[in-house]
Amino acid sequence: MKTVLVAVAWPYANADIHVGNITGSYLPADIFARYHRLKGNRVLMVSGTDSHGTPITVRADAEKTTAEAVYQRYHRRFIDLFQAAGLSYDLFTSTHTENHFRVAQDFFRTLQSNEYLYREKQSVMYSEKEKRFLPDRYVEGECYICHYPNARGDQCDQCGNLLEATQLINPRSLTDGSTPVPRETEHFFLDLAELSPAIDTFLSSRKEKWRPNVLRFARNMIGEGLHGRPITRDLDWGIPLPESGWEEKRLYVWFEAVIGYFSASIEWAKSHGEPEAWKDWWYNPEALTYYFIGKDNIPFHAVIWPAQLIGASRLYAGEKDGVLNLPTDVPANEFMNLEGKKISGSRKWAVWGLDSIERYGPDPVRYYLTINMPESRDTDWDWADFLRRNNDELVATWGNLANRVLTFAHRSWDGRVPDPGELRAEDNELLAKADRAFPAAGSLFEAVQLRAALGEGMALAGEANRYLDQQAPWFQIKTDAPAAAKTIFTALRVIDSIKTLLAPMIPFSSEELHTGLGYSGRLFGTQKIEERADSLGSRPVLTYDPAGAVGTWEPSRLEAGQPLAEPKPLFRKLLPEIVDQERARLGKSSG
Ligand SMILES: [Zn+2]
5 MKTVLVAVAW PYANADIHVG NITGSYLPAD IFARYHRLKG NRVLMVSGTD SHGTPITVRA
65 DAEKTTAEAV YQRYHRRFID LFQAAGLSYD LFTSTHTENH FRVAQDFFRT LQSNEYLYRE
125 KQSVMYSEKE KRFLPDRYVE GECYICHYPN ARGDQCDQCG NLLEATQLIN PRSLTDGSTP
185 VPRETEHFFL DLAELSPAID TFLSSRKEKW RPNVLRFARN MIGEGLHGRP ITRDLDWGIP
245 LPESGWEEKR LYVWFEAVIG YFSASIEWAK SHGEPEAWKD WWYNPEALTY YFIGKDNIPF
305 HAVIWPAQLI GASRLYAGEK DGVLNLPTDV PANEFMNLEG KKISGSRKWA VWGLDSIERY
365 GPDPVRYYLT INMPESRDTD WDWADFLRRN NDELVATWGN LANRVLTFAH RSWDGRVPDP
425 GELRAEDNEL LAKADRAFPA AGSLFEAVQL RAALGEGMAL AGEANRYLDQ QAPWFQIKTD
485 APAAAKTIFT ALRVIDSIKT LLAPMIPFSS EELHTGLGYS GRLFGTQKIE ERADSLGSRP
545 VLTYDPAGAV GTWEPSRLEA GQPLAEPKPL FRKLLPEIVD QERARLGKSS G
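If you're matching positions, the sequence shown starts at 5 in my numbering and goes up one per residue.
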């Protein structure tokens with residue numbers, strides 16, 4: 005049994021989540037977690053709402069409300085979406101909790117006592133009009149690396165490089181368009197230059213396994229030379245420093261949000277009445293730790309978070325002195341576009357997660373986002389392609405296969421799995437293909453090649469369709485009933501196997517089919533929304549209860565005589581009209 009941490013990107017609480025975000029990090033993480041759960045491994049999948057970013061204060065200013073109100077609103081919408089999409093977080097919490105405040109402050113103190121923090125006066129953009137320092141995200145200007153005209157003060161959306169706001173060409177304040185000026189202020193810095201050799205050693209140890217684009221980006225950052233990076237800000241929304249005299253400043257969100265992986269693991273352990281259990285994922289050197297993020301987050305997860313982990317070694321370790329576990333892999337995805345254009349919430353060029361699931365159900369959306377996952381290059385959400393894949397693949401190849409076999413079995417063998425007697429060579433051949441699909445798909449899941457893993461299950465469905473066409477049990481039954489029983493028994497077993505192969509991707513219909521095949525119990529545990537409260541307020545969290553899960557990563561062992569449930573179609577065919585309807589919505593519906 006392996007111990008697997010599934011660490012999922014923390015969504016910023018300043019905008020709704022669109023399909024590109026889902027396929028970028030949240031869905032691949034869930035698929036990976038569900039596969040490992042079926043394998044019987046010990047999975048901890050954690051994330052939460054990133055509630056302190058300046059994007060949230062920017063939005064609060066624009067709406068004339070509080071940052072807290074903005075965070076609460078989006079946090080609740082994230083929870084609703086993830087529940088509806090079946091994203092099975094063991095814990096989806098937020099950074100605005102007492103627990104996270106304490107853990108982030110402890111990280112700060114440990115880095116300080118390990119001598120990886122230093123104080124320095126820094127030049128920061130200051131608005132003379134508003135009489136305050138402007139967080140990097142309040143400043144926009146031309147990127148001094150690639151000359152993209154609308155680069156943010158902290159990072160360029162075009163070239164992906166981290167930026168210094170004071171070096172932007174033609175800077176402007178996002179709040180009022182005025183020109184900010186650099187002014188001195190004192191901050192704590194993380195000594196990345198000092199940590200650089202250790203990060204380099206860490207990256208070298210990962211070079212065989214990581215996606216080449218992730219490794220290349222990280223190696224380039226080291227190659228260009230790492231510099232100290234401020235971990236505090238002149239801001240009032242966020243986590244206070246555990247230092248007197250610094251009451252006006254807060255921990256910088258890039259520093260504390262990634263600590264959320266760690267603090268959420270601790271919150272999960274406490275809420276399970278095993279307060280030390282998190283250590284299995286963070287100190288056990290055998291544990292596997294995977295970080296699911298979009299490519300814009302590579303710098304923070306492949307370089308800076310490992311630096312924080314190395315620098316904070318011995319945190320809460322007691323007698324142990326090892327470093328905290330560094331990422332086993334950071335399988336960052338590329339971007340998904342929409343109808344050939346970059347997805348943009350502000351231009352309303354987006355398909356929102358909640359809308360799409362409300363209209364089409366979770367599994368058709370999950371299927372399309374998996375088959376189209378931007379694992380190695382940017383992909384495109386195209387409504388005509390969505391229609392085609394739903395109707396030709398999900399409905400015709402898979403749903404109809406399951407439905408017509410179950411319906412025929414139900415009608416012809418009195419609602420039970422038929423007794424096949426001795427199987428024929430062609431039956432055994434198909435069953436052997438199903439057996440082989442498990443190790444083949446399994447190694448793809450483990451390598452986070454999820455499109456290809458889905459392909460294994462769908463290819464087997466194609467094989468099963470060909471087998472049925474050849475056998476034609478609907479005619480067989482009139483002339484050779486024992487042959488028809490062999491065919492349907494074989495087909496039911498293969499369908500049962502395909503159900504398991506596809507369950508990580510399309511869990512809702514797989515659960516339905518599991519019941520349809522006459523099993524009791526569920527493949528997976530249950531997700532639920534819980535309300536939690538502390539001195540910072542109350543908030544919903546998403547939790548996963550594995551109790552009652554019976555799914556295992558094994559070929560079907562379906563036996564003759566098992567009673568089958570009344571068959572129901574798993575998916576619905578969509579009308580061609582939806583393509584025009586959906587295209588007409590683009591650019592109009594806001595999130
Ligand atoms: Zn740039």
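We put the CB at the ideal spot given by N, CA and C, even for glycine.
Spatially closest choice to residue i from the options, by CA coordinates
i	options	result
Pro184	Cys160, Trp214 and Phe137	Phe137
Trp478	Gln126, Trp353, Ala488 and Tyr471	Ala488
Glu460	Gln453, Phe449, Ala445 and Thr483	Ala445
Asn407	Lys125, Ile492, Arg370 and Gln453	Ile492
Ser360	Ala89, Glu190, Ala169 and Phe206	Ala89
Ser267	Ala11, Arg363 and Arg156	Ala11
Lys43	Glu134, Val8, Asn165 and Glu430	Val8
Asp180	Arg220, Glu132 and Leu166	Glu132
Glu198	Ser182, Gly419, Pro139 and Leu121	Leu121
Ser209	Asp20, Pro310 and Asp473	Pro310
Glu2	Trp286, Pro368, Ser29 and Ser177	A query on residue 2 cannot be resolved here, the shown segment of the chain reaching from 5 to 595 and no further.
Ile481	Ala413, Tyr371, Tyr471 and Asp431	Ala413
Glu247	Ser542, Arg113, Leu505 and Arg81	Arg113
Ile347	Tyr78, Arg81 and Gly591	Gly591
Euclidean distance between Cα positions of residue i and residue j
i	j	result
Arg237	Gln109	14 Å
His22	Ala73	21 Å
Met462	Glu188	60 Å
Met5	Trp272	20 Å
Glu144	Ser127	16 Å
Ala553	Thr547	15 Å
Glu426	Glu433	14 Å
Gly595	Pro508	Reliability fails at Gly595, whose pLDDT of 49 lies under 50, so the model's placement of it is uncertain and the value that follows must be treated cautiously. Roughly 28 Å separates the two Cα atoms.
Arg156	Tyr16	16 Å
Glu362	Tyr130	45 Å
Arg589	Gly365	18 Å
Glu260	Thr205	24 Å
Ser501	Ser416	22 Å
Ile297	Thr27	10 Å
Val107	Pro550	27 Å
Gly24	Arg381	13 Å
Met349	Leu115	For the record, residue 349 in the displayed sequence is Gly; it is not Met. Rounded to the nearest angstrom, the two C-alpha atoms are 37 Å apart.
Ala476	Ser92	40 Å
Leu373	Asn341	12 Å
Arg576	Trp258	43 Å
Pro544	Arg536	6 Å
Gln531	Phe96	11 Å
Lys437	Asp473	17 Å
Val262	Thr383	27 Å
Glu581	Trp387	10 Å
Ser117	Val583	59 Å
CB of residue i within 8 Å of CB of residue j, strictly
i	j	result
Pro59	Arg141	yes
Leu410	Pro571	yes
Gly555	Leu527	yes
Thr70	Ser98	no
Ile302	Ala336	yes
Phe193	Ile235	yes
Ile83	Ile375	no
Arg351	Leu435	no
Asn469	Leu405	yes
Asp20	Trp385	no
Phe339	Lys299	yes
Ala306	Ala222	yes
His56	Trp353	no
Trp285	Ser269	yes
Glu2	Arg46	Nothing can be reported for residue 2, as the shown portion of the chain is limited to 5 through 595.
Supposed close pair residue i, residue j - CB separation, criterion 8 Å
i	j	result
Leu85	Leu358	5 Å
Gly466	Thr401	6 Å
Val452	Pro32	7 Å
Trp214	Asp333	6 Å
Ala569	Gly522	6 Å
Leu464	Ala495	Their Cβ separation, rounded to whole angstroms, is 12 Å, which puts Leu464 and Ala495 out of contact at 8 Å.
Val39	Phe512	It should be noted that the sequence gives Tyr, not Val, for residue 39. About 16 Å; that fails the 8 Å criterion.
Glu190	Arg123	6 Å
Leu578	Asn394	5 Å
Proximity test, Cβ basis, 8 Å: residue i and chain B
i	result
Ile533	Among the chains in the structure shown there is no chain B, since it carries only a single protein chain.
Between the stretch 59 to 67 and the stretch 225 to 236, are three or more C-beta pairs nearer than 8 Å?
no
Using a Cβ distance threshold of 8 Å, determine whether the stretch 274 to 292 contacts the stretch 162 to 180, with at least three qualifying pairs required.
no
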